[in-house]
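So the number in my numbering is just where the residue sits in the sequence shown, counting from 1, plus 399.
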Amino acid sequence: GTASAPAFELTTLNALNFQENGIESIHPALGDLDGDGDVDLIVGDELGRLHQYTNTSGAGAWPNWEMQLLSVQDSDGDAIDVGQFATPQLLDLDGDGTLDLLIGEKNGTLTCYQGCNGSWCLISSEESGPDWAGITVENTLGINGYSVPALHDGPNGWQVFVSNETGKVQYFGEVNPNAPHAPLTELEANVGGAQPGLRAAACFADVDSDGFPEMLIGIQNGGIRWYQGTITSIENVNQSVQTWGAFPNPVSAGYALNLTAPADAIPQNYTAQWWTLDGRKSGSSVAIQNGQQSLTAPTEPGCYGLELTPLKKGSPQLENPFFIRVIVTNR
Numbered sequence: 400g401t402a403s404a405p406a407f408e409l410t411t412l413n414a415l416n417f418q419e420n421g422i423e424s425i426h427p428a429l430g431d432l433d434g435d436g437d438v439d440l441i442v443g444d445e446l447g448r449l450h451q452y453t454n455t456s457g458a459g460a461w462p463n464w465e466m467q468l469l470s471v472q473d474s475d476g477d478a479i480d481v482g483q484f485a486t487p488q489l490l491d492l493d494g495d496g497t498l499d500l501l502i503g504e505k506n507g508t509l510t511c512y513q514g515c516n517g518s519w520c521l522i523s524s525e526e527s528g529p530d531w532a533g534i535t536v537e538n539t540l541g542i543n544g545y546s547v548p549a550l551h552d553g554p555n556g557w558q559v560f561v562s563n564e565t566g567k568v569q570y571f572g573e574v575n576p577n578a579p580h581a582p583l584t585e586l587e588a589n590v591g592g593a594q595p596g597l598r599a600a601a602c603f604a605d606v607d608s609d610g611f612p613e614m615l616i617g618i619q620n621g622g623i624r625w626y627q628g629t630i631t632s633i634e635n636v637n638q639s640v641q642t643w644g645a646f647p648n649p650v651s652a653g654y655a656l657n658l659t660a661p662a663d664a665i666p667q668n669y670t671a672q673w674w675t676l677d678g679r680k681s682g683s684s685v686a687i688q689n690g691q692q693s694l695t696a697p698t699e700p701g702c703y704g705l706e707l708t709p710l711k712k713g714s715p716q717l718e719n720p721f722f723i724r725v726i727v728t729n730r
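As structure tokens, this is what we get:
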């Protein structure tokens, strides 16, 4: 394949012999843990533990992972154990240049360990205790949840997506860079309208290099679903022209939203269209005239894309649209 049209070929059904160490129900997380430029591996298992493998191949080479830690420990020397079915993600959550660990688990919460001096320090808050951001995902019988973090690094920071037991992917907005462990509220219950099967495990990446992230979802029966990123994705909304803005943002449902832009950039006539996170139009397109700079927010809370399409002067033709991401909350 190519960068714009990738193709994948199965090379082995047993890249690592996990059975040798009794590791079952694995969930991988990739990241450069030793700073040598290649990709190392942490694996979560059915018992809630983590196992670390070092890549000995070097940067740019096909990875060769060798067991380094049979049981990853925290800064107190205790084995990290989140209960059952650990689903780790490696990411620099707080922007300090060091990878952190965000771990989902069977009970539906997330646990965060900050990278600290070559070890892992448990993050706990007054509001949520050890449950990162106070997140508990949807479940089927009032218990469990099987949370799987799938945070995506967008232009405005980390977008918080978490998969769950029911097969859905929930969206909890953006991480506050000044308070990366602060509580978050669900903004979208089922991203993309996707529910391919039980025990979803999603990831987001621009697989075909078109500027929009794709969403890939693995499910309990072993299948993988591919959802193509399009112009209506949240990532595109984040890439709005920087001279445009909106306030207040977040805005209360049904309330007025004011647009901001330099005076010479505000078109006299344009159309405004709201889009939901899964690419559906919310309401009809509205024609705006005479430089009006106020719109009414949707009546349902959630994360929306506001598409503004200027009209060329003296012509019904449309120019290139602008996109603004808007979060709508309950009144």
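Ideal Cβ placement from N, Cα and C applies to all residues, glycine included. Just so it is clear, the structure is predicted and the values come from calculations on it, not from any experiment.
Judging by CA-CA distance, which residue of the options is the nearest neighbour of residue i?
i, options, result
"phenylalanine 560", "Cys702, Pro405, Leu415 and Ala696", "Cys702"
"alanine 593", "Gly553, Ile522 and Gly617", "Gly617"
"leucine 583", "His426, Gly421, Glu526 and Asp605", "Glu526"
"glycine 443", "Gly541, Ala581 and Val481", "Val481"
"aspartate 439", "Leu656, Gln451 and Gln472", "Gln451"
"serine 456", "Gly476, Phe646, Asp433 and Gln472", "Asp433"
"asparagine 589", "Lys567, Val574, Cys602 and Gly610", "Lys567"
"glutamate 573", "Glu585, Trp557 and Trp673", "Trp557"
"threonine 659", "Val650, Val536, Gly644 and Ser651", "Gly644"
"threonine 695", "Ala652, Ala478 and Thr728", "Ala652"
"threonine 708", "Ile687, Val727 and Thr728", "Ile687"
"alanine 578", "Leu540, Gln619, Asn538 and Ser524", "Ser524"
"glycine 459", "Met466, Pro405 and Asp437", "Asp437"
"methionine 466", "Ser424, Tyr654, Gly553 and Glu419", "Glu419"
"aspartate 552", "Leu492, Asp499, Leu412 and Pro700", "Leu492"
"proline 462", "Pro554, Gly430 and Thr535", "Gly430"
"leucine 586", "Glu706, Asp475, Ile534 and Val606", "Ile534"
"alanine 581", "Pro529, Trp673, Glu504 and Phe603", "Pro529"
"histidine 426", "Leu705, Asn555 and Cys602", "Cys602"
How would you call residue i, buried or exposed, if buried means at least 16 neighbouring beta carbons within 10 angstroms?
i, result
"tyrosine 545", "buried"
"valine 725", "buried"
"isoleucine 422", "buried"
"aspartate 435", "exposed"
"phenylalanine 407", "exposed"
"phenylalanine 722", "buried"
"threonine 698", "exposed"
"threonine 565", "buried"
"alanine 485", "buried"
"asparagine 412", "Contrary to the premise, residue 412 reads as leucine rather than asparagine in this sequence. It counts as exposed."
"glycine 503", "buried"
Output yes or no for whether 8 Å exceeds the beta carbon distance between residue i and residue j.
i, j, result
"glycine 628", "proline 612", "yes"
"threonine 670", "serine 681", "no"
"proline 576", "glycine 494", "yes"
"glutamine 488", "alanine 428", "yes"
"glutamine 744", "leucine 446", "Only positions 400 to 730 of the chain appear in this structure, which leaves residue 744 out of reach."
"tyrosine 570", "leucine 490", "no"
"tryptophan 402", "serine 562", "Contrary to the premise, residue 402 reads as alanine rather than tryptophan in this sequence. No, the Cβ-Cβ distance between alanine 402 and serine 562 is not below 8 Å."
"leucine 469", "leucine 501", "no"
"leucine 615", "asparagine 668", "no"
"tryptophan 519", "serine 474", "yes"
Shorter than 8 Å from the beta carbon of residue i to some beta carbon of chain D?
i, result
"serine 651", "The question asks about chain D, but that chain is absent: this structure has only one protein chain."
Counting only runs of 4+ residues fully inside the region 472 to 508, write out the alpha helix (DSSP H) ranges in chain order.
As far as the region 472 to 508 is concerned, it has no whole alpha helix (DSSP H) run of at least 4 residues.
Is the number of C-beta pairs between the region 594 to 611 and the region 505 to 513 that are closer than 8 Å three or more?
Contact between the region 594 to 611 and the region 505 to 513 is absent, because fewer than three Cβ pairs lie under 8 Å.
Beta strand (DSSP E) runs wholly inside the region 536 to 571, at least 3 long, in chain order
With a minimum length of 3 residues, the continuous beta strand (DSSP E) runs that stay inside the region 536 to 571 are 551 to 553 and 556 to 562.
4-residue-minimum alpha helix (DSSP H) runs that sit fully inside the region 423 to 480, ordered along the chain:
DSSP runs (the alpha helix (DSSP H)) wholly in the region 423 to 480: none.
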